[in-house]
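No gaps in the numbering here: position 7 of the sequence shown is 171 in my numbering, and each next residue is one more.
Note that the Cβ used here is the ideal one computed from N, Cα and C, for glycine as well.
Everything on this sheet refers to the single structure shown next.
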Amino acid sequence: MRLRIVSTNDFHGAFDPRADTAGVRRGGAAYLASAIRQAEAGCPAPCTTVLLDGGDMFQGTLTSNLAYGRPVVAFYDRIDVAAAALGNHEFDWGIDSLQARMREAPFAILGANVRDESGQRPAWIRADTIVERDGIRIGIVGVATPETPEVTRASNVRGLTFLQPAPIVDEHARRLRARGADVVVVVAHMGAFCDRTPDATCRGEVVDMANAITEQVDAIVSGHSHSLVNTVVNGIPIVQAGSSGRSIAVLDLEPSGGRWRPTAELRAVFSDSLPADSAVAALVADASAQVAAIVGRQVGSNATRLSRTGAQYPLGNFIADAQRWAGRADVAVMNNGGIRADLLAGDVTFGHLYEIQPFGNALMRVTVTGTTLLSYLESIVAGDRLRAHVSGVRVRFDPAAPNGSRVVEARLSDGRPIAPGGSYTVVLNDFLAEGGDGLGLGREATRTEAIGALDLDALIAYVQAHPQPLTAPDEARLIPTGL
């Protein structure tokens, strides 16, 4: 019998469809449910199916966040998710809220590689499970990204460590086989990016994990990088279906000589060409009604869609400017990973801005010496890609130079060079202040103070103070040499 694994990942509370840059509506829970049902019904007989998820289920929209993810649990129950990986953003509301969602969820949320201060897996986090579908026993082990302490607020995972997963996957694969599993599948909140070339070369932590696995693992459902992944590594098929319910992965395993032969595809969820699942549509309508008055409140207007294209874009500049303005500081830094959605053309509502900055990070103003600020700017331009936007400063850097020696010139926006002996104020969110994304600055500060506003507060106030319709600064601020 064929086993069809249908999978989602990084749903992020995306209950409503969204138009892409071409104006095509994608995703939405009611349409995602229909796409899943079509994939399940379309499996050639004899066939059985299981629905899995790669993590980061709850965080992202007011519909989900104001209820701390409860509507997503109800949605996943409705579509019969069997198991999900423990995503880094599952920790965003603290461990108590996560434990509450785990207790409510009729499906398993798995993190086999999480350890507490005693070196043991916390009793409230499950490692694996076995589900049965038409006589096939499917063993599922889940792992969280070892980067979790760097990609969620550090205080939310204090006391927890996230081990390298391959040895742990091997251990649980053996145990699951011993318990009678016919198939072993990993749900991993670990990402990858694949070249759009004929050989589809893929890189990333889930690829590294697959290469390090020595036991027989039949499939990996991944998440975290919001990318499209359909590849085979070390004999193991790996899939990832983008994010926000805009795609699903369909992976078929057919028995062949004591192994399972894989065939996989990624299917886009086009909302305009799918019927809405009526039961899920009713669930979404009820959840959305609870927040409709807040979501729909108009804040401003925007003439042109502001998209998150590349590593530097006008929307990121605009957000960094808002934070510097709110903090009355010399410089502001905004991490790209905290910018979660495009700003669409037309009316700008509270709900739109919330989806751009849903994490509720407090803004901090730190005072540093010029030497410290120059060193911090070096960390921002280190690595193979830019991970932040800045305001109040223009930096020319040499991307071919060694990390720590890349900054060629750094000047404030008024043209003054940063003096090593000077004193400067920098606004950044508390996620960065605690060392998130490897861009911490707080320990080097001579003074740290909360400005009394969240990042979203600053953005809303800046939009309201800005001439309408909005314009976002498109000048380069982190400028590689040669441009």
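Identity of the residue in the options nearest residue i by Cα
i	options	result
Pro426	Ser569, Val381, Ala199, Phe222	Val381
Arg360	Leu327, Thr395, Gly524	Thr395
Leu216	Gly191, Ile402, Ala264	Ile402
Ala199	Pro439, Val278, His630	Pro439
Ala428	Glu418, Ser437, Gly579	Glu418
Ala505	Arg168, Ala183, Val393	Ala183
Ile582	Ala622, Trp489, Val495, Asn525	Val495
Gly534	Glu573, Met528, Gly524	Glu573
Glu335	Gly177, Gly510, Gly306	Gly306
Gly510	Gly422, Gly464, Ala475	Gly464
Phe179	Cys207, Glu204, Val236	Val236
Ile544	Gly556, Asn567, Ala526	Asn567
Asp372	Leu392, Val397, Asp621, Ala552	Val397
Asp619	Leu507, Arg488, Ser569, Gly646	Arg488
Arg265	Ala276, Arg492, Phe222	Phe222
Ile273	Val557, His353, Arg168	His353
Ala451	Tyr232, Phe326, Gly251	Tyr232
Gly547	Ala493, Pro563, Glu613, Leu537	Pro563
Ile503	Ala194, Ala337, Ser420, Gly224	Gly224
Gly600	Arg611, Val512, Val497, Leu623	Val497
Gly474	Arg410, Leu550, Val590	Leu550
Leu538	Gly524, Met528, Arg560	Arg560
Pro329	Ala374, Pro286, Ala287	Ala374
Asn150	Phe595, Glu542, Ser569, Glu608	The first residue shown for the chain is 165 and the last is 647, placing residue 150 beyond what the model contains.
Thr716	Thr325, Asp256, Ile289	Any property of residue 716 remains undetermined from this structure, which presents the chain solely from 165 to 647.
Ser442	Ala405, Arg201, Val590	Arg201
Trp288	Ala276, Ser420, Gln454	Ala276
Asn525	Asp621, Ser555, Gly585	Asp621
Ile169	Gln263, Pro331, Glu296	Glu296
Val459	Arg492, Ala197, Leu196, Thr227	Thr227
Gly616	Leu592, Pro631, Val349	Leu592
Range covered by the beta strand (DSSP E) that runs through residue i
i	result
Pro310	Premise fails: Pro310 is in no beta strand (DSSP E) and is neither H nor E.
Arg297	292 to 297
Leu605	Taken as a continuous stretch (DSSP letters only), Leu605 belongs to no beta strand (DSSP E), as it is neither H nor E.
Ala440	Note, Ala440: premise wrong, no beta strand (DSSP E); not H, not E.
Leu167	166 to 172
Pro644	642 to 644
Endpoints, the alpha helix (DSSP H) within which residue i is located
i	result
Thr612	Segment 611 to 618 is the beta strand (DSSP E) holding Thr612; no alpha helix (DSSP H) there.
Pro331	330 to 342
Arg541	In the sequence as presented, Arg is not what sits at residue 541; that position holds Leu. Its alpha helix (DSSP H) spans residues 534 to 544.
Whole-number beta carbon distance between residue j and residue i, since they are thought to touch under 8 Å
i	j	result
Leu605	Val530	6 Å
Leu481	Pro637	Contrary to the premise, residue 481 reads as Asn rather than Leu in this sequence. About 5 Å; that satisfies the 8 Å criterion.
Pro313	Asn466	That pair is no contact at about 35 Å.
Arg293	Ala247	The identity of residue 293 in the sequence shown is Thr, whereas the question assumes Arg. Confirmed, about 6 Å.
Ser407	Gly355	With 8 Å as the limit, Ser407 and Gly355 do not qualify as a contact, their Cβ atoms being about 10 Å apart.
Val433	Ile412	6 Å
Arg558	Ser577	7 Å
Arg651	Arg190	Any property of residue 651 remains undetermined from this structure, which presents the chain solely from 165 to 647.
Ala249	Gly387	6 Å
Met165	Cys211	7 Å
Met528	Ala449	Contact doesn't hold; Cβ gap of about 39 Å is too wide.
Gly404	Leu415	The sequence given here has Gln at residue 404, not Gly. Contact doesn't hold; Cβ gap of about 11 Å is too wide.
Below-9 Å beta-carbon distance, residue i vs any chain C residue
i	result
Leu537	Of the protein chains in this structure there is only one, and it is not chain C.
Worksheet item: Which runs of the alpha helix (DSSP H) fall wholly inside the stretch 349 to 434 and span at least 4 residues, in chain order?
Response: Entirely contained in the stretch 349 to 434, the alpha helix (DSSP H) runs reaching 4 residues are, in chain order, 369 to 376.
Worksheet item: Enumerated in chain order, which unbroken segments of the alpha helix (DSSP H) with a length of 4 residues or greater are wholly contained in the stretch 255 to 288?
Response: Within the stretch 255 to 288, the complete alpha helix (DSSP H) runs of at least 4 residues are 258 to 268.
Discussion item. Which complete alpha helix (DSSP H) runs does the stretch 189 to 251 hold, if anything under 4 residues is left out?
Written reply: Listed in chain order, they are 193 to 205, 226 to 229, 234 to 243.
Worksheet item: How do the stretch 281 to 295 and the stretch 371 to 381 stand: do at least 3 beta-carbon pairs fall below 8 Å, yes or no?
Response: No: the two stretches stay apart, fewer than three of their Cβ pairs being nearer than 8 Å.
Worksheet entry | the stretch 512 to 527 contacting the stretch 619 to 627, beta-carbon criterion three pairs below 8 Å | Yes, since at least three Cβ pairs between the stretch 512 to 527 and the stretch 619 to 627 fall closer than 8 Å, the two stretches touch.
Item to complete: Report yes or no: do the stretch 231 to 250 and the stretch 171 to 189 share at least 3 C-beta pairs separated by less than 8 Å?
Response: Verdict: yes, contact present.
Worksheet item: Taking only runs of the alpha helix (DSSP H) that begin and end inside the stretch 446 to 525, which ones reach a length of at least 4 residues, in chain order?
Response: 456 to 459, 478 to 491, 514 to 520, all fully within the stretch 446 to 525.
Worksheet entry | Contiguous alpha helix (DSSP H) assignments of at least 4 residues, all confined to the stretch 545 to 611 | Those alpha helix (DSSP H) runs which fall completely within the stretch 545 to 611 and span 4+ residues are 594 to 597.
Fill in: the stretch 269 to 278 in contact with the stretch 469 to 489 per 3-pair CB rule at 8 Å
The stretch 269 to 278 makes no contact with the stretch 469 to 489; the number of CB pairs closer than 8 Å stays below 3.
Fill in: Cβ contact check for the stretch 208 to 223 and the stretch 184 to 194: 3 or more pairs under 8 Å
Touching, no, given that fewer than three Cβ pairs across the two stretches are closer than 8 Å.
Worksheet item: Is the stretch 285 to 303 touching the stretch 343 to 351 in the sense that three or more CB pairs, one from each, lie closer than 8 Å?
Response: Touching, yes, given that three or more Cβ pairs across the two stretches are closer than 8 Å.
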